[in-house]
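Asks: This structure is in structure tokens; I'll ask about it shortly.
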Amino acid sequence: MSIAVEPPSRFRAEPRTANRLLAAVSAVDFERIKDRLEFVPLVRGQVLFEPGDDVTVTYFPAHRTMVSMLVVTRDGHEIEAATIGREGAVGGIVSAGDKPAFGRAVVRTAGSAFAMPTVALETAKCASPTFGELFSRYADTLIAQMMQSIACNALHSVEERCGRWLLAAHDRAGEQIIQLTQEALAEMLGVQRTTVTAVIRDLEAQGAVRRQRGAVAIIDRQALERLSCECYRAVEDHFATMLPEVVL
Numbered sequence: 001m002s003i004a005v006e007p008p009s010r011f012r013a014e015p016r017t018a019n020r021l022l023a024a025v026s027a028v029d030f031e032r033i034k035d036r037l038e039f040v041p042l043v044r045g046q047v048l049f050e051p052g053d054d055v056t057v058t059y060f061p062a063h064r065t066m067v068s069m070l071v072v073t074r075d076g077h078e079i080e081a082a083t084i085g086r087e088g089a090v091g092g093i094v095s096a097g098d099k100p101a102f103g104r105a106v107v108r109t110a111g112s113a114f115a116m117p118t119v120a121l122e123t124a125k126c127a128s129p130t131f132g133e134l135f136s137r138y139a140d141t142l143i144a145q146m147m148q149s150i151a152c153n154a155l156h157s158v159e160e161r162c163g164r165w166l167l168a169a170h171d172r173a174g175e176q177i178i179q180l181t182q183e184a185l186a187e188m189l190g191v192q193r194t195t196v197t198a199v200i201r202d203l204e205a206q207g208a209v210r211r212q213r214g215a216v217a218i219i220d221r222q223a224l225e226r227l228s229c230e231c232y233r234a235v236e237d238h239f240a241t242m243l244p245e246v247v248l
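Have a look at this one:
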């Protein structure tokens, strides 16, 4: 498999410390897939697949890397259905390897990932009930996140939705500063950039965040949780119930 140009050695990472889902795989099952994993760099804005594409590669984001799963309308508008970071995987998970892709997968926070052929992942699931069960539980949490996003987009204010996304990103980034432009955040929330600018300014005035060039810093996590809707906690609680060994 040739997925990308081999990155410099200084960017290398160990799969089971860089990605929590891989860390939860048993030692025996990890032996089944370790030779099929390839370390690849991902840049911000990189499209991993488009609607209708064959999903031939599964990506396991490493460290602070985050990928958005987007629903794309006929006129080109897009809105985020799920955020995936080092707790999970992108491609061929919910569909159990069936193709083609329904949505678009875009890298939101640059970094790296471990990639493997989706067919190899399906082979490992069939070979080991415990491996398959782990990924079935992860698929459940991913569907739950998408279902909650539907409710959130329909019922909650932009400020609440923005707070929810920043909390989820904060968990996955593992650091105070989230590398994300306001334009990208507006695209994910399905609103104008000016709307997001006003929301971030308001969150900053309330001491929850601080604007930076091309990034947002989380200043007061508890304040941000108060300003967010219940969707963040609902998704995280379900994740903790279904995959306690993967919780960030």
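In full-length UniProt numbering, the protein residues as written are 1 to 248. A virtual CB, placed ideally from N, CA and C, is assigned to each residue, including glycine.
For A113, which residues does DSSP report across the bridge?
Replies: What you label residue 113 is simply residue 113 of the sequence shown in a count that begins at 1. Its beta-bridge partners are V40 and P61.
Asks: Bridge partners for L134 per DSSP, in chain order?
Replies: As a position in the sequence shown, residue 134 is number 134, starting the count at 1. Its beta-bridge partners do not exist; DSSP assigns none.
Asks: Taking the continuous alpha helix (DSSP H) assigned at I33, which residues delimit it?
Replies: One-based indexing of the sequence shown puts residue 33 at position 33. From DSSP, the alpha helix (DSSP H) with I33 extends over A27 to I33.
Asks: Should D35 be labelled buried (16 or more other beta-carbon atoms within 10 Å of its own) or exposed?
Replies: One-based indexing of the sequence shown puts residue 35 at position 35. By the 10 Å Cβ count, D35 comes out exposed.
Asks: Determine the contact status of G91 and T65, defining contact as a CB-CB distance below 8 Å.
Replies: Here residue 91 corresponds to residue number 91 of the sequence shown, with the count starting at 1. Here residue 65 corresponds to residue number 65 of the sequence shown, with the count starting at 1. Against a cut-off of 8 Å, the Cβ pair of T65 and G91 comes out as no contact.
Asks: Could you spell out the range, first to last residue, of the alpha helix (DSSP H) harbouring F239?
Replies: Within the sequence shown, the letter at position 239 stands for residue 239. Taken as a continuous stretch (DSSP letters only), the alpha helix (DSSP H) holding F239 covers C231 to M242.
Asks: Around the C-beta of A113, are 16 or more other C-beta atoms found within 10 angstroms, so that it is buried, or is it exposed?
Replies: One-based indexing of the sequence shown puts residue 113 at position 113. Flag for A113 reads buried.
Asks: Among residues of its own chain, excluding the 5 on either side of V247, which ones have a beta-carbon nearer than 6 Å to its beta-carbon?
Replies: Taking the first residue of the sequence shown as position 1, residue 247 is located at position 247. Same-chain partners within the cutoff: A240.
Asks: Less than 8 Å between the C-beta atoms of A110 and R44, yes or no?
Replies: What you label residue 110 is simply residue 110 of the sequence shown in a count that begins at 1. What you label residue 44 is simply residue 44 of the sequence shown in a count that begins at 1. Closer than 8 Å, so yes.
Asks: Between L37 and M116, is the Cβ-Cβ spacing less than 8 Å?
Replies: Translated into positions along the sequence shown, residue 37 becomes position 37. Translated into positions along the sequence shown, residue 116 becomes position 116. Yes; because the gap between Cβ atoms is below 8 Å, this pair is in contact.
Asks: How is S2 classed by DSSP in three states: helix, strand or coil?
Replies: The sequence position of residue 2 within the sequence shown is 2, counting from 1. Caution applies to S2, whose pLDDT of 36 falls short of 50 and renders its modelled position unreliable; the value that the coordinates give is listed next. Residue state, collapsed to three classes: coil.
Asks: Nearest CA to the CA of L42: which residue from A62, E50, D54 and F30?
Replies: On the sequence shown, position 42 is the one that residue 42 refers to. Residue A62 is the option with its Cα nearest to L42.
Asks: Since I believe V209 is in contact with I200 (beta carbons under 8 Å), could you give me their beta-carbon distance rounded to a whole number of angstroms?
Replies: Here residue 200 refers to the residue found at position 200 when the sequence shown is read from its first residue. Here residue 209 refers to the residue found at position 209 when the sequence shown is read from its first residue. Their Cβ separation, rounded to whole angstroms, is 7 Å, which keeps I200 and V209 in contact under 8 Å.
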